[in-house]
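*Asks:* Below: one structure in structure tokens.
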DNA sequence: GTCTATATACAGATAGAC
DNA sequence: GTCTATCTGTATATAGAC
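Residue numbers (the working numbering), protein chains in the order written: chain X, 3 to 201; chain C, 3 to 201.
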């Protein structure tokens, strides 16, 4: 049941950094959240910057992948696409603030990306490209299609406060709205496929 | 040719706040950018917060609208949709950092949205709804469709550093990639319309 | 209106006892 | 490893001369 101090710090730092961003976060707040002393943060991680980078690396790795598994399964193209959409939407529903935090952090400091694995998209692009070659998806640029797909999944979360206000929805109404998102995205995607569904 | 001090401050504050966010921006940097003294900022705007809110209000108003004009023109549904996409993509190309700044700012402080006009989306939704009723667009939830449309337009800009890195594109390659975006988005949208094009 | 100089507050980081 | 106390830098904001 004992949680190590380091783990407590990491949990606390994740919460505060994701909520407040690097500039907005206070070491004192992280210490309070972890129920330890401020000095201990510097004992475990030398500086705020080092702590932040540690958290960011950790979080970034949850951001993109987990899709590889879906791609490898024996499924129709459309089922795989649905698996990808479903995977992202689930992750986003559980971590609604994560994407804006990551995207903003990389905007503030693009150098961060240099240390991130960049092969992850290759499988996705290759999969889409393959589906197009096999005439299962209509002729679209695979990279562009991928960004459209991701945009449809991520944007409603990234734009949460603006979108819910503009659509005149309360918090709970917007949550309900997002629950219907998967079906609507799949409707769009199905229009981009030929009727070769071999499920 | 004379630019008022207030205008210089606003220009400078826009640049610094959009680049660094509220927490990251320094009043000193804004003063330097405006080539005036720090104390003058407080003379014109009482506090950093007040200055920020002024800038945010200003910028938010450029964010959403400008679309109304397109809607009122005598055009086919598809041409109107193309006008909307084109309008956003142009604006985004000229202000690539604007959306992430606005979205992040509202995430940090959702109360900001309370003072924003929220009727702007109504026209868009009504237009989409109308097109569906008239069987010109396939049966989709209008709000969901709108978010998909906006997601496809905004996401590649909001996710710039992540996306360009993941797609293994240099800055200039990514810019070129974004130039091809309109065509690809319209391909998707055309698949969502019936062949009733009366252009 | 615009400046210099300063007050005030608080952040990140360290020293050193335990 | 963990704490209290403190150093140091720097940010917002104000006072007051011009």
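Just so it is clear, CB atoms sit at the ideal spot from N, CA and C, and this is done for glycine as well.
What residues from chain X crowd round residue 89(C), counting only those whose CB sits closer than 7 Å?
*Replies:* By Cβ distance, chain X contributes nothing, its closest Cβ being about 16 Å from residue 89(C), past 7 Å.
*Asks:* Please report the distance separating the alpha-carbon of residue 41(C) from that of residue 55(C).
*Replies:* Near 18 Å, if we compare the C-alpha coordinates of residue 55(C) and residue 41(C).
*Asks:* Report the residue from 168(C), 101(C), 126(C) whose alpha carbon sits nearest the alpha carbon of residue 62(C).
*Replies:* It is 101(C) whose Cα lies nearest to the Cα of residue 62(C).
*Asks:* So residue 165(C) contacts chain X; which residues on that side make the cut at Cβ distance below 7 Å?
*Replies:* In chain order: 149.
*Asks:* Check the Cβ of residue 137(X) against every Cβ in chain C and list those closer than 7 Å, keeping chain order.
*Replies:* The contacting residues do not exist; residue 137(X) stays about 15 Å from chain C at best.
*Asks:* Alpha carbon to alpha carbon, what distance is there between residue 167(C) and residue 119(X)?
*Replies:* Their backbone Cα atoms lie some 9 Å apart in a straight line.
*Asks:* Chain X partners of residue 112(C), CB-CB under 7 Å?
*Replies:* Here the neighbours are 163.
*Asks:* Mapping the DSSP letters down to three states, classify residue 27(C) as helix, strand or coil.
*Replies:* Coil, per DSSP.
*Asks:* Run through chain C and tell me which residues come within less than 7 Å of residue 7(X), C-beta to C-beta.
*Replies:* Result: empty, since nearest Cβ-Cβ is about 28 Å, beyond 7 Å.
*Asks:* Near residue 154(X), what residues of its chain come up, given a Cβ to Cβ distance below 6 Å and the 5 sequence neighbours on each side ignored?
*Replies:* Around residue 154(X): 187.
*Asks:* For residue 143(X), count the other beta carbons within 10 Å of its own beta carbon; 16 or more makes it buried, fewer makes it exposed. Which is it?
*Replies:* Buried.
*Asks:* Determine the contact status of residue 140(X) and residue 193(C), defining contact as a CB-CB distance below 8 Å.
*Replies:* Yes. Within cutoff.
*Asks:* Please report the straight-line C-alpha distance between residue 199(X) and residue 160(X), rounded to a whole angstrom.
*Replies:* For residue 199(X), the pLDDT reaches just 47, beneath the cut-off of 50, and the residue's location in the model is therefore unreliable, leaving the point undetermined.
*Asks:* For the candidate residues 21(C), 77(C), 177(C), 78(C), whose alpha-carbon lies nearest to that of residue 57(C)?
*Replies:* Cα-wise, what sits closest to residue 57(C) is 21(C).
*Asks:* Do residue 69(C) and residue 126(C) come within 8 Å of each other at the CB atom, strictly closer than that value?
*Replies:* Taking 8 Å as the Cβ cut-off, residue 126(C) and residue 69(C) qualify as a contacting pair.
*Asks:* Report all residues from its chain with a CB closer than 8 Å to the CB of residue 117(X); omit the five preceding and five following residues, and keep chain order.
*Replies:* Here the set comprises 59.
*Asks:* When burial is assigned at 16 or more other CB atoms within 10 Å of the CB, is residue 96(X) buried or exposed?
*Replies:* Residue 96(X) comes out exposed.
*Asks:* Leaving out the 5 sequence neighbours to the left and right, which residues in its chain are closer than 8 Å to residue 18(X) when beta-carbon positions are compared?
*Replies:* Cβ neighbours of residue 18(X) beyond the five flanking positions: 27, 28, 31, 32, 35.
*Asks:* Looking only at its own chain, which residues have a Cβ that is under 8 Å from the Cβ of residue 72(C), when we skip the five neighbours before and after it?
*Replies:* Closer than 8 Å at Cβ, skipping near neighbours: 82, 85, 86, 89.
*Asks:* What is the residue span of the alpha helix (DSSP H) that residue 52(X) lies within?
*Replies:* Here the alpha helix (DSSP H) through residue 52(X) covers 50-65.
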